[in-house]
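When the count follows the UniProt record's numbering, it moves up by one through the sequence shown with no breaks and lands on 431 for the last residue.
Just so it is clear, CB atoms sit at the ideal spot from N, CA and C, and this is done for glycine as well.
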Amino acid sequence: MAIVQALPAAAPPPAPSARRDTGIDFIRALCVLGVVVLHAIMVGVTVADGAPVFENASDGTGWIAPLSWVLQVMPLFFVIGGFSGLLASRRLRARGASTLDFLTARVHRLLRPTVITIAAVGVALAVLTLLGVPAELIAVAGFRYGQPLWFLGVFLLCQLLLPALAALHERAPLRTIGALAATSVAVDALRGVTGVAGLGFLNLAFVWLTLQQLGFFLADGRIDALARRTRVAVTAGAGVLLTVLFVAGVYSPDLIANINPPTAALLLVGVVHTGLLSLHRERIARASSTVAAAAFTRFVTRRTMTIYLWHMPVLLAMAGVTAVVALGTGAALPALDGPEWWLTRPLWLLSALALTAGVAVAVDRFERQPAPTGTRSSGRLVSAGLLGLGGVVLLLVVGTSVTTAIVAVALLMTALRLARAAEPVPALAIG
Numbered sequence: 001m002a003i004v005q006a007l008p009a010a011a012p013p014p015a016p017s018a019r020r021d022t023g024i025d026f027i028r029a030l031c032v033l034g035v036v037v038l039h040a041i042m043v044g045v046t047v048a049d050g051a052p053v054f055e056n057a058s059d060g061t062g063w064i065a066p067l068s069w070v071l072q073v074m075p076l077f078f079v080i081g082g083f084s085g086l087l088a089s090r091r092l093r094a095r096g097a098s099t100l101d102f103l104t105a106r107v108h109r110l111l112r113p114t115v116i117t118i119a120a121v122g123v124a125l126a127v128l129t130l131l132g133v134p135a136e137l138i139a140v141a142g143f144r145y146g147q148p149l150w151f152l153g154v155f156l157l158c159q160l161l162l163p164a165l166a167a168l169h170e171r172a173p174l175r176t177i178g179a180l181a182a183t184s185v186a187v188d189a190l191r192g193v194t195g196v197a198g199l200g201f202l203n204l205a206f207v208w209l210t211l212q213q214l215g216f217f218l219a220d221g222r223i224d225a226l227a228r229r230t231r232v233a234v235t236a237g238a239g240v241l242l243t244v245l246f247v248a249g250v251y252s253p254d255l256i257a258n259i260n261p262p263t264a265a266l267l268l269v270g271v272v273h274t275g276l277l278s279l280h281r282e283r284i285a286r287a288s289s290t291v292a293a294a295a296f297t298r299f300v301t302r303r304t305m306t307i308y309l310w311h312m313p314v315l316l317a318m319a320g321v322t323a324v325v326a327l328g329t330g331a332a333l334p335a336l337d338g339p340e341w342w343l344t345r346p347l348w349l350l351s352a353l354a355l356t357a358g359v360a361v362a363v364d365r366f367e368r369q370p371a372p373t374g375t376r377s378s379g380r381l382v383s384a385g386l387l388g389l390g391g392v393v394l395l396l397v398v399g400t401s402v403t404t405a406i407v408a409v410a411l412l413m414t415a416l417r418l419a420r421a422a423e424p425v426p427a428l429a430i431g
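Printed below as a string of structure tokens:
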């Protein structure tokens, strides 16, 4: 990839700073906002033949592709995850903490709020069953809830592998990111040649790990050290190549379609995002220091995973209440993607953001609690990571039901117990 060829081959790791990068935190907060807005606008609810119908409002529409170019922020999120994770691990090492302490903090920060959310969803599904809600509607709700959990599983995997990949980055930065990027491209090629769509899911690892690795270069200052002209050329080149691949039919111009399974097109999106971020670091830093931006960033940063985990249950509850009210009053719901539907979107989006924020404030203490010190047994921590991943994968593959929610909660609680030790250390920011 062009960005890899342009990067300086060697640079000593900078001394870890105790100060957070407010500009990066601000961009990450905007990414979280973008995810909530994107998912909210895709929720469609109508009534047909006296029964509610829940659909993806973007299916078959022309607006989702251009909108995805604005709101598909996951590549940037993983780049920032690599940036923040590398600096956080270096700060811990500078204070004398171990790699196991870092991983324990990550496991607890990610899985502790997840246990609460899955348990609440399981109880909600049980209540709906007792109330006589049709099983197919409950299955749809469980499926929709589980869809965004892919991020949790992949991000957990990336963070668990971060220390090992950071060590490779320090020894052979270009070879490491080059190998990951080449493997992700090879997976796409093999998928295209064989026609086996399932092969694409291998890129759940390689695409996102490559983007996390790109974040290491941003953290090291290697990208910012490039001449501005070089960064402009690489960013523009990645954008042009991405457009050519879309026009040629290699990848879909709908970036949402490129995420399930992930394709190497997202690597080019990540390069564009990273280039723009580097080119505008000073402007972003100034913008992040305003009173409104700083307040927004603080609110989201301390609740990043809580917001992500709860926004879908909030959206599903909003859709359910909308359907119940329509059925109870006989009010007609606007046809999806019609003029009346679009007129209702501003209120819908504002309601979704307000309710998600309210729920996040109510339950964020599970994310903000300090993590315990890391277990001194790497075997226990590996087992904790595998159990945590297993609980998430169960909901993704089998679907979220009362039974799978109980099993997932049991797996995640066991994972947390395995990773737990005696003395608390400061919780690490998710990055």
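- Does the distance from the CB of N258 to the CB of L267 come in under 8 Å? Here residue 258 refers to the residue found at position 258 when the sequence shown is read from its first residue. Here residue 267 refers to the residue found at position 267 when the sequence shown is read from its first residue. Contact: no.
- For the candidate residues R144, A135 and V70, whose alpha-carbon lies nearest to that of N56? The residue labelled residue 56 in the question sits at position 56 within the sequence shown. Here the closest residue by C-alpha is R144.
- Can you tell me the Cα-Cα spacing of R298 and A51, whole angstroms? Position 298 of the sequence shown, counting from 1, holds the residue named residue 298. Position 51 of the sequence shown, counting from 1, holds the residue named residue 51. Looking at the two C-alpha atoms, the distance is approximately 42 Å.
- Message: Just to check my reading of the structure: N203 and V193 have Cβ atoms closer than 8 Å, yes? What is that Cβ distance to the nearest angstrom?
- Response: As a working note, residue 203 is residue 203 in the sequence shown. As a working note, residue 193 is residue 193 in the sequence shown. Incorrect: roughly 15 Å between the Cβ atoms, too far for contact.
- Task: Excluding the 5 residues preceding and the 5 following L242 in the sequence, name in chain order all residues of the same chain whose CB lies nearer than 6 Å to its CB.
- Result: Along the sequence shown, one-based indexing puts residue 242 at 242. Same-chain partners within the cutoff: L268.
- Query: Ends of the alpha helix (DSSP H) at V43?
  - Reply: Residue numbering aside, residue 43 sits at position 43 when the sequence shown is read from its first letter. Looking at the DSSP string, V43 is not in any alpha helix (DSSP H); the run it does join, the beta strand (DSSP E), is V43 to A48.
- Message: Are the CB atoms of V32 and I307 within a distance shorter than 8 Å?
- Response: Reading the sequence shown from its first residue, position 307 is the one you call residue 307. Reading the sequence shown from its first residue, position 32 is the one you call residue 32. Contact: yes.
- Query: Three-state secondary structure (DSSP) at P262?
  - Reply: In the sequence shown, the residue the question calls residue 262 occupies position 262. Looking at P262 - three-state DSSP - the assignment turns out to be strand.
- Own chain, CB closer than 8 Å to A9, minus 5 neighbours either side, in chain order: On the sequence shown, position 9 is the one that residue 9 refers to. Residue placement at A9 is poorly supported in this model, since its pLDDT is 49, which falls under 50; the coordinates still yield a value, given next. Closer than 8 Å at Cβ, skipping near neighbours: P173 and L174.
- Message: For L386, tell me which candidate among G178, F201, M74 and L412 has the shortest Cα-Cα distance.
- Response: Here residue 386 refers to the residue found at position 386 when the sequence shown is read from its first residue. The residue with the shortest Cα to Cα distance from L386 is L412.
- Message: Please report the distance separating the alpha-carbon of A48 from that of V133.
- Response: One-based indexing of the sequence shown puts residue 48 at position 48. One-based indexing of the sequence shown puts residue 133 at position 133. One C-alpha to the other measures close to 16 Å.
- Message: For L71 and L416, I'd like the C-alpha separation in whole angstroms.
- Response: Taking the first residue of the sequence shown as position 1, residue 71 is located at position 71. Taking the first residue of the sequence shown as position 1, residue 416 is located at position 416. Looking at the two C-alpha atoms, the distance is approximately 33 Å.
- Distance between L209 and H169 (C-alpha atoms, nearest Å): Translated into the one-based positions of the sequence shown, residue 169 becomes position 169. Translated into the one-based positions of the sequence shown, residue 209 becomes position 209. Computed Cα separation, rounded: 12 Å.
- Query: With a cut-off of 8 Å, do at least 3 Cβ pairs link the segment 289-298 to the segment 87-94?
  - Reply: When C-beta atoms of the segment 289-298 are compared with those of the segment 87-94, fewer than three pairs fall below 8 Å, so the two segments do not count as touching.
- Message: Report the CB separation of L110 from M312 in whole angstroms; it is logged as a contact under 8 Å.
- Response: Against the sequence shown, residue 110 aligns to sequence position 110. Against the sequence shown, residue 312 aligns to sequence position 312. That belief does not hold up - the Cβ atoms of L110 and M312 are roughly 16 Å apart, past 8 Å.
- Skipping 5 residues on each side, what residues in its chain have a beta carbon closer than 6 Å to that of F246? Here residue 246 refers to the residue found at position 246 of the sequence shown. Within the same chain, F246 has close Cβ partners P253.
- Task: Report back the beta-carbon spacing between G142 and V409 to the nearest angstrom; my notes put them in contact at under 8 Å.
- Result: To locate residue 142, count along the sequence shown from 1; it is residue 142. To locate residue 409, count along the sequence shown from 1; it is residue 409. G142 to V409, Cβ: 14 Å. No contact.
- Item | Best match in F206, G82, T403 and G215 for proximity to A119 [C-alpha to C-alpha] | As a working mapping, residue 119 is identified with position 119 in the sequence shown. Shortest Cα-Cα distance from A119 to any of F206, G82, T403 and G215 involves T403.
- Query: From Q5 to V234, what does the alpha carbon distance come to, in whole angstroms?
  - Reply: For the purposes of this step, residue 5 is identified with residue 5 of the sequence shown, where counting begins at 1. For the purposes of this step, residue 234 is identified with residue 234 of the sequence shown, where counting begins at 1. For Q5, the pLDDT reaches just 49, beneath the cut-off of 50, and the residue's location in the model is therefore unreliable, although a value from the coordinates is still provided. Taking the straight line joining both Cα atoms gives about 10 Å.
- Item | Nearest-angstrom Cβ-Cβ length linking T322 and V45, presumed shorter than 8 Å | In the sequence shown, residue 322 corresponds to position 322, counting from 1. In the sequence shown, residue 45 corresponds to position 45, counting from 1. Right, their Cβ atoms sit about 5 Å apart.
- Task: Drop a sphere of 10 angstroms on the beta-carbon of R286, count the other beta-carbons inside from all chains shown, and report buried for 16 or more, exposed for fewer.
- Result: Looking up residue 286 in the sequence shown gives position 286. Exposed, by the Cβ-count rule.
- Message: Since W69 and L255 should fall inside the 8 Å C-beta cutoff, what is the C-beta to C-beta distance between them, to a whole number of angstroms?
- Response: Residue numbering aside, residue 69 sits at position 69 when the sequence shown is read from its first letter. Residue numbering aside, residue 255 sits at position 255 when the sequence shown is read from its first letter. Their Cβ separation, rounded to whole angstroms, is 6 Å, which keeps W69 and L255 in contact under 8 Å.
- Taking the beta strand (DSSP E) that residue 433 falls in, what are its first and last residues? This structure cannot speak to residue 433, because the chain is shown only from 1 to 431.
- Once you ignore the five residues that flank V300 on each side, which residues in its own chain have a CB closer than 6 Å to its CB? The sequence position of residue 300 within the sequence shown is 300, counting from 1. If we look at V300 and ignore the five residues flanking it on each side, its Cβ neighbours are A29 and V32.
- In angstroms, rounded to a whole number, what distance separates the CA positions of L236 and R228? The sequence position of residue 236 within the sequence shown is 236, counting from 1. The sequence position of residue 228 within the sequence shown is 228, counting from 1. Reading off the sequence shown, one finds Ala at residue 236, where the question assumed Leu. Straight-line Cα distance between these residues: approximately 12 Å.
- Message: Judging by CA-CA distance, which residue of A419, V392, L277 and R368 is the nearest neighbour of R376?
- Response: By one-based count along the sequence shown, residue 376 stands at place 376. Answer by Cα proximity: A419.
- Item | Span separating the alpha-carbon of P334 from that of A360 | Taking the first residue of the sequence shown as position 1, residue 334 is located at position 334. Taking the first residue of the sequence shown as position 1, residue 360 is located at position 360. Roughly 30 Å separates the two Cα atoms.
- Message: Are the CB atoms of R112 and P366 within a distance shorter than 8 Å?
- Response: Residue numbering aside, residue 366 sits at position 366 when the sequence shown is read from its first letter. Residue numbering aside, residue 112 sits at position 112 when the sequence shown is read from its first letter. It should be pointed out that residue 366 corresponds to Phe in this sequence rather than to Pro. Going by C-beta atoms, F366 is nearer than 8 Å to R112.
- Message: Can you list, in chain order, the residues of its chain with a C-beta nearer than 8 Å to that of R380? Leave out the 5 residues immediately preceding and following it.
- Response: For the purposes of this step, residue 380 is identified with residue 380 of the sequence shown, where counting begins at 1. Once the five neighbours on either side are set aside, the close Cβ partners of R380 are L418 and A419.
- Which first and last residues belong to the alpha helix (DSSP H) in which residue 438 is found? The structure shown does not extend to residue 438, since the chain is modelled only from 1 through 431, so no value can be given for it.
- Message: Please tell me whether L152 and V392 are closer than 8 Å, where the distance is taken between their beta carbons.
- Response: As a working mapping, residue 152 is identified with position 152 in the sequence shown. As a working mapping, residue 392 is identified with position 392 in the sequence shown. Yes; because the gap between Cβ atoms is below 8 Å, this pair is in contact.
- Item | Euclidean distance between Cα positions of L38 and G270 | Translated into the one-based positions of the sequence shown, residue 38 becomes position 38. Translated into the one-based positions of the sequence shown, residue 270 becomes position 270. Whole-angstrom Cα-Cα distance: 18 Å.
- Task: Indicate whether at least one CB of chain D lies closer than 8 Å to the CB of V300.
- Result: Chain labels in this structure do not include chain D; a single protein chain is all it has.
- Task: Measure the C-alpha to C-alpha separation of R283 and L103 and round it to an integer number of angstroms.
- Result: Walking along the sequence shown from the start, residue 283 turns up at place 283. Walking along the sequence shown from the start, residue 103 turns up at place 103. Distance between the alpha carbons of R283 and L103: 33 Å.
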